[in-house]
Amino acid sequence: MTNDRKNEVELSATYYWDHFSYILRYIDRHYLPLLQEKEIAFLKDFSELTFAAQCLYLRLASRRSACFRIEKLKYPEIGDLATPLRVLRRSGLLTDVSEGIESIFTKQECVTLAKKQDIKIPSSASKEEAAALVSSSDLITAFSSGVVAPARVEVFAFIQFLFFGTRSRDLTDFVVRDLGHRAFVEVQEEDLKPYFQTREEAEQKWAISMWREWFYTTIVSADEVLASWRVHMLPLASSLLEPSVRAFEKTCYALGRLLEREKAYLEALEVYEVSLTGASLERRVRVLQKMGELEEAIAWARVGLELCVSPTEIHFFEDFLAKQASKKSIKQVTASLKQAELIEISPEYIGQVEAGVVAHFQAEGYYAAFTENQIWRNFLGLFAWDLIFADRKEGFHHPFQWAPSHYGKESFAGELPLHLLQDRVGLLALLRSRAEANQGAMNPLVDWYSLDFDLMERFLQVMPPDGLAAIAQYLWEHLGTHVKGFPDLFIQKDDEFAFVEVKSPNDHLSAIQHFWHDFMRRNGVKVRLVRLKYLE
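Take the sequence shown: its position 243, counted from the start at 1, is 243 in UniProt numbering, and no numbers get skipped.
What follows is the structure, encoded as structure tokens:
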């Protein structure tokens with residue numbers, strides 16, 4: 001999106017009210033049967049407020065601070081706040097606060113009040129230390145016309161949670177979109193589908209989300225965190241519902257890693273045991289190995305080998321089992337790297353090795369460009385655009401999704417029109433037209449900043465049709481696990497071309513990189529693996 005277009009955007013004075021009204025329409029259409037008395041009461045009380053009072057509540061409830069000094073509140077679009085404040089108090093959506101408000105007063109105000117009360121505060125004292133020596137009520141009397149806090153903010157947050165399906169989004173997403181900072185494929189309001197089908201689904205994910213927020217912000221000991229997890233999270237493991245699975249597993253993994261850092265290996269195993277993700281299985285194997293429980297580690301590595309589909313995860317389990325079978329075994333990826341060709345470049349390229357190799361090949365007359373994963377992602381994202389967004393009446397729960405919710409799952413991939421790959425002129429024209437029609441719109445594969453049609457044209461001119469089809473099809477069918485690991489560079493001179501993987505002296509080849517190198521070679525696409533040496 002151009003800067004001119006961004007500069008032309010002018011939000012309405014009460015844009016936040018417009019955005020929340022959109023959410024309320026969505027709740028009314030999809031979630032009324034799921035609401036409990038507290039949410040119904042909130043919606044009723046909010047609807048009966050004056051427009052000014054609704055705006056003031058949204059302003060306050062959307063801010064990070066828990067309470068506010070009345071004299072500091074100024075919202076020109078609302079005007080005088082005296083009446084809206086009275087309306088909110090009367091409706092039970094605003095409360096007056098007299099305790100725990102020190103954070104909204106300055107250190108200087110605390111010091112000034114202390115001097116009046118003959119209380120000595122050292123100049124080195126922090127704001128918190130100064131505030132602890134004076135009372136909240138005295139601060140309010142001395143410097144403020146009152147302190148207020150929006151009430152029922154958890155219900156307000158839960159209403160938004162029902163709309164977004166996550167705690168990581170809020171009304172700010174509307175503003176980011178409306179200002180043109182992000183563009184999304186347009187989905188009609190009436191076509192959006194609710195993220196949650198039952199109250200139980202919503203409450204379960206809400207509970208996990210709230211515990212995760214506490215976990216990432218708490219300062220209690222690892223033992224206390226584990227005790228809380230046992231009480232609040234562990235009981236959910238046996239009855240996890242689909243919308244909560246990913247959040248629960250990420251939470252368990254994060255806690256397990258914390259316990260590992262504390263050397264609490266038995267406790268870490270307890271946490272990892274409730275998850276069968278590749279990441280948790282790998283950590284379980286590693287922890288068991290550290291504890292000397294090799295037979296159990298081998299058993300779980302075999303389980304991982306059966307369950308996992310990611311090349312990186314599979315490689316870990318394969319390599320672990322191979323090492324136990326023969327301590328002299330050499331990783332396939334290590335063996336591959338030992339056979340790499342050597343290129344010497346100037347030490348001025350230390351820290352930017354790809355640029356050094358680009359310069360090396362350009363000096364030999366090649367067109368050379370840094371491409372890595374993005375040339376493949378950009379190509380497939382444009383080529384499969386209509387398939388990604390084929391049915392906008394399914395898989396879209398709110399307007400800020402960059403793909404349907406089932407993107408990357410087995411049920412997602414439709415049939416790629418591979419016959420279009422035979423006509424390279426027509427194919428390039430198709431990609432250009434889709435880029436022009438959807439410029440800037442969020443797509444899980446397309447990176448608009450790196451999209452280069454000069455590079456794309458060269459890429460399509462030399463890629464063998466069968467090789468391009470095989471790679472595109474495999475990538476399309478494995479979006480959840482194989483969208484990275486492609487070689488760093490693309491080089492081309494006339495009909496000669498290759499993809500080049502660059503490794504600095506201390507770098508290593510990953511399992512996913514090894515997979516793609518092998519797959520590309522087997523499908524007629526040349527891959528060169530080069531290791532660098534700096535000229536002395």
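Backbone N, C-alpha and C fix where the C-beta goes; we use that ideal spot for every residue, glycine too.
Just so we're clear, the structure is a prediction, and the values are computed from it rather than from any experiment.
Between the beta-carbon of residue i and the beta-carbon of residue j, is there less than 7 Å?
| i | j | result |
| --- | --- | --- |
| L431 | L382 | yes |
| V502 | V357 | yes |
| I350 | L532 | no |
| V369 | F361 | This sequence places Ala at residue 369; Val is not what is there. Their beta carbons are not under 7 Å apart, which means A369 does not touch F361 by this criterion. |
| F400 | D173 | yes |
| Y75 | R64 | no |
| E457 | L428 | yes |
| A469 | L421 | yes |
| L451 | N523 | no |
| R283 | Y272 | yes |
| A53 | P84 | yes |
| R167 | F158 | no |
| L380 | L475 | yes |
| I208 | Y366 | no |
| A130 | V111 | yes |
What is the DSSP secondary structure of residue i, reduced to helix, strand or coil?
| i | result |
| --- | --- |
| P150 | strand |
| Y534 | strand |
| R528 | strand |
| A322 | helix |
| D454 | helix |
| D507 | coil |
| R522 | helix |
| R63 | coil |
| K328 | Confidence at K328 is low in this model, with a pLDDT of 46, below 50, so the placement of that residue should be treated as unreliable; the coordinate-derived value is given next. K328 falls in the coil class under three-state DSSP. |
| E364 | coil |
| F68 | strand |
Please classify residue i: is it buried, with 16 or more other beta-carbons within 10 angstroms of its beta-carbon, or exposed?
| i | result |
| --- | --- |
| S280 | buried |
| M291 | exposed |
| A299 | exposed |
| D494 | exposed |
| N506 | exposed |
| T218 | exposed |
| K328 | With a pLDDT of 46 at K328, under the threshold of 50, the modelled position of this residue cannot be trusted, and the question is left open. |
| I78 | buried |
| V220 | exposed |
| G304 | buried |
| E186 | exposed |
| H508 | exposed |
To which residues of the same chain is residue i closer than 8 Å at the C-beta, ignoring the five residues directly before and after it?
| i | result |
| --- | --- |
| I140 | S98, I101, G146, V147 |
| D178 | V9, L11, Y15 |
| V225 | F215, T218, L255, L258 |
| F184 | R177, P399, F400, Q401, W402, A441, M442 |
| E109 | L139, A142, F143 |
Leaving out the 5 sequence neighbours to the left and right, which residues in its chain are closer than 7 Å to residue i when beta-carbon positions are compared?
| i | result |
| --- | --- |
| L241 | E200, E201, Q204 |
| L192 | Y26, F396, H397, H398 |
| A390 | G414 |
| Q289 | A297 |
Using alpha carbons as the reference points, say which of the options lies closest to residue i.
| i | options | result |
| --- | --- | --- |
| S62 | Q36, L226, P150 | P150 |
| A41 | E282, L93, S124, T83 | L93 |
| I388 | V353, A359, P444 | P444 |
| H181 | M442, E536, V462, Q473 | M442 |
| H19 | I104, Q36, C55, P33 | C55 |
| V500 | L529, A472, H482 | L529 |
| N373 | I314, S346, F486, P465 | F486 |
| V285 | L321, V187, I121 | L321 |
| Q188 | Y22, D118, E295, D447 | Y22 |
| L35 | F163, T50, A66 | F163 |
Please go through the same chain and pick out, in chain order, the residues whose beta-carbon is closer than 6 Å to the beta-carbon of residue i, but skip the five residues on each side of it.
| i | result |
| --- | --- |
| F156 | A61 |
| residue 596 | Residue 596 is absent from the structure shown; the chain starts at 1 and stops at 536. |
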